[in-house]
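See structure below.
2 protein chains.
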Amino acid sequence: MSLSTLATIFAPLSGLVALAFVAILFWWISRQDPGSPQMREIASYIQEGANAFLRREFMTIAPFVLVLAGLLWVAMGKWQIAFGFVMGAVFSMVAVYVGMNAAVRANVRTTQAARSSPAKALTVAFRGGGVMGLGIVALNLLGITILFILFGITPENAPEAVHLLVGFGFGASLSSLFAQLGGGIYTKAADVGADLVGKVEVGIPEDDPRNAAVIADLVGDNVGDCAGRGADLFESGSDNLIATMIVGTVFMAQYGSYGWLAVLFPLISRAIGALGAILGIMAVKGSEKRSPIAAVNIGLAVTGVFSLVSFWVLGVVIMKSYSIFWSLALGLGAAIVVSLIIQYYTGIKQRPVNEIAKASRSGSALNIMAGFSYGLESVGLPILTIGAVTLAAYYIGGGWIHGVFALTAATLGITEMKGIIMASDAFGPIADNAGGIAEMAGLGAEVRRAGDALDAAGNITKAITKGYGMACALMTSVVVTFAYLVEAAKHTGVNLTNLQDIPIIITDPLNIVAMMLGAALPFVFSALTIRAVGVTAYQVVEEVRRQFREIPGLLEGKAKPEYARCVDITTRNALRHMVVPTLVSIITPVIVGFTLGIWALTAYLIAVKIVGALLATFMFNAGGAWDNAKKYIEDGSYGGKGSEAHRAAVTGDTFGDPLKDTAGPSLHILIKLQDIIAITLLPLFVTYGLK
Amino acid sequence: MSLSTLATIFAPLSGLVALAFVAILFWWISRQDPGSPQMREIASYIQEGANAFLRREFMTIAPFVLVLAGLLWVAMGKWQIAFGFVMGAVFSMVAVYVGMNAAVRANVRTTQAARSSPAKALTVAFRGGGVMGLGIVALNLLGITILFILFGITPENAPEAVHLLVGFGFGASLSSLFAQLGGGIYTKAADVGADLVGKVEVGIPEDDPRNAAVIADLVGDNVGDCAGRGADLFESGSDNLIATMIVGTVFMAQYGSYGWLAVLFPLISRAIGALGAILGIMAVKGSEKRSPIAAVNIGLAVTGVFSLVSFWVLGVVIMKSYSIFWSLALGLGAAIVVSLIIQYYTGIKQRPVNEIAKASRSGSALNIMAGFSYGLESVGLPILTIGAVTLAAYYIGGGWIHGVFALTAATLGITEMKGIIMASDAFGPIADNAGGIAEMAGLGAEVRRAGDALDAAGNITKAITKGYGMACALMTSVVVTFAYLVEAAKHTGVNLTNLQDIPIIITDPLNIVAMMLGAALPFVFSALTIRAVGVTAYQVVEEVRRQFREIPGLLEGKAKPEYARCVDITTRNALRHMVVPTLVSIITPVIVGFTLGIWALTAYLIAVKIVGALLATFMFNAGGAWDNAKKYIEDGSYGGKGSEAHRAAVTGDTFGDPLKDTAGPSLHILIKLQDIIAITLLPLFVTYGLK
């Protein structure tokens, strides 16, 4: 008992420490030199555009959240779920708002730092990302711990009461999906629109101040790549915590006097993760002697080793279970292996990217064919790895049903690095922005070279994050399905410990049809998001063309474009188009649950997650490979910049943009949102469903 | 007993009648006027190229077939399976060879007929396709009936002996996959290669005789679109028959004195289909008063009505079961609805195609984004339709397990139109070829206009076939999985009549991992086939460029290109690249069967088919929509031919080619091959598997 009391103190404490660190990092960044008045002016445009977008986004989300909260309260008859729902949505938005505001301060300060010391620039950019990384982990942990205490969850009532936490997960998932979709559509529409007119039609460089969409493009880096990804990781963090706690209730008996730890275990593991992230972020320091990526790797290594050691203490020393330690370690290992595979498929020095670049010599169609093909191929090895780890953890844990707990532990192992990974991901858009500000402010070649080195490091960390994100999303969503199963068993009296008692036979046509629907959803959902980018980008293109046509002297650099109009067009369209995909993804599981029943819904959920994860991986890797094939040519191969091959590669890169930065990341959220909706509404399906 | 004796006579008799009709059609086509010496010369190039390809393809397949037949004999200890395997492969190749040879005779005769009467041209082209359509149905039916008699299958031994037929299905599937892959890679590599240099770089029209790849392109229409699709439908025909007979054994008791009919029922239904196809093909006659598509529709309507009436007789009058009639009718209805949906997504006058054309104004990237997005979206409604029909048939049949028999009947209902649908599909490449020959022979505008009308009709029938093909493939493969389940139950003593006794729980991590692997296979498989097209097309591009560079006077039309070299390059590469995807698709289910066990293999099979069908539908529809968006612009919208929008649309069309004509159709075969391998090797998995 004393151990578990310790745990309930350790978790919120660690969350508060992390939060304090967020404040310190924010303060440290604000203190850095923001550069010349011109730089500050550009930065203020970005900051205003990004904040205006987030505010309008939150205003769009708010009524959905309130209406749904009301509906939840009425339908479920429990204030806790409605309250948790609002809190999940609000915490998610706060984490994203704070994180992004650090990013839009760090960008110009990174540019300024690069003028004197590239090493310093790295430190500024990475700590800027650190605010998002740490903020997410902290608010996740604190939010759930607060509810845990507020709802008075005890070892006695845990099997029923833990379900009350799902509201938080639902709220976080919903606002994350909005944020990822809105931000994702924004960033890629602005990016594609700016490039199509700027680079392709007019022939001016990226981030050229004459391009009317350039500020929208830089804003996009922040609201999409930074805020969107933050929301994504906030969501998978909450879902993971809540789902593993629900699964933990089944295993309370198994761990005897430590039983309560089966439920608290996820909180403890995440609390360790928060401390590991702090250590890792502080370990990343730029140096004249190291390349930026080497510096980032030190941070990753510090967090990794710290996690492994803590896993040993938690699993072997405290919970007296080697299988838990091995599962946690396996999860950590899977994250690393998947990241390496992704690096092969998207790395600029690897065969796939080189083959895509080579194919570009015969035009856009062959470039796209090659990238498309490698993207499809790239799903094979990661899914094999995750499959192998899943089975290994399951059998190490002792097969059904004990192995499920081990599987949960493996998922916690994967997600342990979330803080530092998110920091190194948010570092990417900050470096991007810093380069853009340098370009717009007309700073010297030296500064831009420093920026390029940061950018290259950013590309590698982005690739790592995406592989990592996929592994997290798929494993998390498998565990959330088990949590769903646990809840379904409670409502129907099915004995979970006997696998054969679970009435979900694969060959039941009802389940086959449910799987067909589940497998189709990610296709339709991706279609809607990609089209949204295409349509919005088209509007941006028209506006930039119009400005070049109608503003005299713009192309010669004698007049200034109207940046704000592009920002406004992108904002309006992104917000408009994020609604339908979100509604589709809420309504579908509800219809399946009410018509095909709670067991077929399980089949549906499994199909959604497998197909969603595969499609997302394909999109990430194809998009990343096209991007780097273009860079490979720009580095001087196959005719370099301006050649036919380069033009073809730009087409592939442009097409890949909404895949890798809008549809792909949104799919990660989609697959977990489906589960969390199912868990939340399960009691309604049982009572009012057809079957 | 007398009824079932009648059935065993009716099936082979109908097959023989169909075969006789194939001979008559072939003879009729050969008697038509093959035109001027120049036309005959061009036609002879195509004929030689196509036959040479098929011969080399068969030579490549032969050793695989022999080695596998030997292995099957040794491993399974039953000569019947090895014998059936060889026979299935040989019958498939014969059907394809005869059908394609009719097509390469019909093409030039269609051109010649168009010079005097467009109506006559339609009749020639359609009957040319009829040879393939009817030949497949006839050889399917005869092959399986011969084995049925040879193996001495009786009501007494049926539950065990019907399994012997699976060898035929395996042989047919294997050689079909080779044929579809080889032909599919050939046709699209030649097409893309010819277009990339001809239309895009040099700016000469399609099918221009100065293009060195033009003959290879015309050969490709025959070996890919015609022979490949024929092999596909031959395979789904055999699998469907064999699987429904296996499922039928479970229901022998249910139909009392008609019990044996449960097994013979598929043969009877297919025999009716053969007669319906003959009537339909003969009903298609060109007329000056009707558009070509109206003439084709009459044929489809004749077969449809005949099928419906026969279903009434078979279901209600003979088998005394309304549920069988309704299931057959539902299947027929599903085929029609899915075709209509596909026509919406790919039709030239519909919104998706117009939106894609509109997006082309901003370049290739937005064109591809739009087509990609509509392609993804297009999987939703067809899968909903198939899901609804599956559940309807299942519940009309009485739920588990009787509903499974109704589901089988629905599949037979869908596949009933196979003969006439294949005829109208093969009609497409013949019309294509006829147009190409007219262009190369420099015939007048009048002839080409007639050709264009045929071509437009061909595009519609192709779209219909693809939707139809997807519905067939998915439903068939669901039934084959049930056949697998029947066999698995026999080997393990599981009582099939009680759904809960089947030990395949969806939430078992073993099954989840099996589904992950199954879902990933279609991605990896498509990757290999699309890359094969890209790589081969690149070789063709290089060769055509070389000839324009090195042959003096070629561009001015004073010298002739070396057609044979392009034919040879395409042939060699297509054959080389068809091997790896085939091996991957054979080995994967074998590994899963031996390591994860026969029940997890079921989960794997279901995932393969759902994801495979979705990916194939996406590829078909995206490819078709890009194709028609290009045609829409060529018809004068958004600047017409030669505009920026047109150039962008050509990129989309080129990228879509290998999707819709190589990877998509191959996926249809893949999903059934997986099942048939699983059924064939099931006894080995049971005996030697890990679990």
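Respectively, the protein sequence lines represent chains A and B.
Every position in the first sequence, counted from 1, becomes a number in the numbering used here once 15 is added.
Every position in the second sequence, counted from 1, becomes a number in the numbering used here once 15 is added.
Glycine included, each C-beta is placed from N, C-alpha and C at the ideal position.
Model, not experiment: these values are computed from the prediction.
1) Three Cβ pairs or more, each shorter than 8 Å: is that satisfied between the stretch 464-477 of chain B and the stretch 596-612 of chain B?
2) Counting only beta-carbon separations shorter than 9 Å, does residue 558 of chain B have a partner in chain A?
3) So is residue 338 of chain B in contact with chain A if we call contact Cβ pairs under 9 Å?
4) Please state whether the Cβ-Cβ distance between residue 482 of chain A and residue 635 of chain A is less than 9 Å.
5) Show which residues of chain B have a CB atom less than 8 Å away from the CB atom of residue 448 of chain A.
6) In chain order, what are the residue ranges of uninterrupted beta strand (DSSP E) at least 3 long that sit wholly in the stretch 604-657 of chain B?
7) Which stretch, first to last residue, makes up the alpha helix (DSSP H) that contains residue 85 of chain B?
8) So for residue 566 of chain A, helix, strand or coil by DSSP?
9) What residues match up with residue 545 of chain A in a beta bridge as DSSP calls it?
10) Roughly how many angstroms separate the alpha carbons of residue 494 of chain A and residue 501 of chain A, rounded to a whole number?
11) Pop quiz: residue 363 of chain A and residue 573 of chain A are said to be a contact at Cβ under 8 Å. What is the actual Cβ separation, rounded to whole angstroms?
12) Using only the alpha-carbon positions, how far apart do residue 118 of chain B and residue 275 of chain B sit?
13) Measuring CA to CA, which of A:521, A:678, A:519 and A:516 is closest to residue 592 of chain A?
14) Excluding the five sequence neighbours on either side, which residues of its own chain have a C-beta within less than 6 Å of the C-beta of residue 654 of chain A, listed in chain order?
15) Please list, in chain order, the chain B residues whose beta carbon lies closer than 7 Å to that of residue 582 of chain A.
16) Alpha carbon to alpha carbon, what distance is there between residue 57 of chain B and residue 109 of chain B?
17) How many Å lie between residue 16 of chain A and residue 498 of chain A at the Cα?
18) State yes or no: is the beta carbon of residue 686 of chain B nearer than 9 Å to at least one beta carbon in chain A?
19) Beta-carbon separation of residue 543 of chain A and residue 626 of chain A under 9 Å?
20) Between which two residues does the alpha helix (DSSP H) harbouring residue 407 of chain A extend?
21) On the CB-based measure, 16 or more other CB atoms within 10 Å of its CB, does residue 354 of chain B come out buried or exposed?
22) Whose CA, out of A:521, A:460 and A:141, lies closest to the CA of residue 309 of chain A?
23) Can you tell me the Cα-Cα spacing of residue 148 of chain A and residue 130 of chain A, whole angstroms?
24) Would residue 174 of chain B pass as an interface residue toward chain A - the criterion being a Cβ-Cβ separation below 9 Å?
25) Checking contacts by CB at 9 Å: is residue 525 of chain A closer than that to chain B?
26) Check the Cβ-Cβ distances between residue 680 of chain A and every residue of chain B, and say whether any is below 9 Å.
27) Run the CB neighbour count on residue 167 of chain B, radius 10 Å, all protein chains shown included, and call it buried at 16 or more, exposed below.
28) Per DSSP, what kind of secondary structure is residue 16 of chain A in: helix, strand or coil?
29) Report back the beta-carbon spacing between residue 453 of chain B and residue 307 of chain B to the nearest angstrom; my notes put them in contact at under 8 Å.
30) Can you tell me which residues form a DSSP beta bridge with residue 520 of chain A?
31) Note the first and the last residue of the continuous alpha helix (DSSP H) segment covering residue 355 of chain A.
32) With a CB to CB cut of under 7 Å and the five nearest residues on each side skipped, what residues in its chain are close to residue 248 of chain B?
33) Need the endpoints of the alpha helix (DSSP H) that residue 2 of chain B sits in, please.
34) Just to check my reading of the structure: residue 492 of chain B and residue 686 of chain B have Cβ atoms closer than 8 Å, yes? What is that Cβ distance to the nearest angstrom?
35) Quick one: does residue 690 of chain A have its CB under 9 Å from some CB of chain B?
36) DSSP three-state label for residue 166 of chain A, please.
Put simply:
1) The stretch 596-612 of chain B and the stretch 464-477 of chain B do not touch, with fewer than three beta-carbon pairs separated by less than 8 Å.
2) By this cut-off, residue 558 of chain B is not an interface position.
3) Using a Cβ-Cβ cut-off of 9 Å, residue 338 of chain B does not count as an interface residue toward chain A, since no Cβ of chain A sits closer than that to its own.
4) yes
5) Per Cβ cutoff of 8 Å: no residues; residue 448 of chain A is ~23 Å from chain B at best.
6) none
7) 52-91
8) coil
9) DSSP output for residue 545 of chain A lists no bridge partner at all.
10) 11 Å
11) Contact doesn't hold; Cβ gap of about 38 Å is too wide.
12) 40 Å
13) A:678
14) 660
15) Within chain B, no residue comes near residue 582 of chain A; the closest Cβ sits about 20 Å away, beyond 7 Å.
16) 25 Å
17) Caution is warranted here: a pLDDT of 46 is assigned to residue 16 of chain A, below 50, making its placement in the model unreliable, and no coordinate value can be reported.
18) no
19) Result no, Cβ atoms of residue 543 of chain A and residue 626 of chain A do not sit closer than 9 Å.
20) 395-411
21) buried
22) A:141
23) If you take the alpha carbons of residue 148 of chain A and residue 130 of chain A, they lie about 26 Å apart.
24) Chain A contact via Cβ: absent.
25) yes
26) no
27) exposed
28) Any answer about residue 16 of chain A is weak, because its pLDDT of 46 lies below 50 and its placement is not dependable; what the coordinates show is given next. Residue 16 of chain A: coil per DSSP, three-state reduction.
29) Not a contact, Cβ separation roughly 16 Å.
30) B:520
31) 337-361
32) 151, 433 and 437
33) Since the displayed chain B opens at 16 and closes at 706, residue 2 of chain B lies outside it and no answer follows.
34) 5 Å
35) no
36) coil
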